[in-house]
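Taking it in order: structure first as structure tokens, then the write-up.
Residue numbers (our numbering): 175 to 238.
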């Protein structure tokens, strides 16, 4: 059987803060990479405009 390990509350708080910081870094880095790829940026903007115009289809229809 497994053992229970007690972890100090402050360590868990630090871990949570570090996780949040890493998520923010990941998002910022992803945004940076997207802006460096002009073709992808054009495709994302086109997709966004189509979505706003209601040109969508159910997800299930794309599973064939």
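Cβ coordinates follow ideal geometry from the N, Cα and C atoms, glycine included. Model, not experiment: these values are computed from the prediction.
Scanning its chain for C-beta atoms nearer than 8 Å, with the 5 sequence neighbours on each side dropped, one finds around residue 208 the residues 214, 215 and 218, in chain order. In the displayed model, residue 231 falls within coil according to three-state DSSP, outside both helix and strand. Per DSSP, reduced to three states, the secondary structure at residue 223 is helical.
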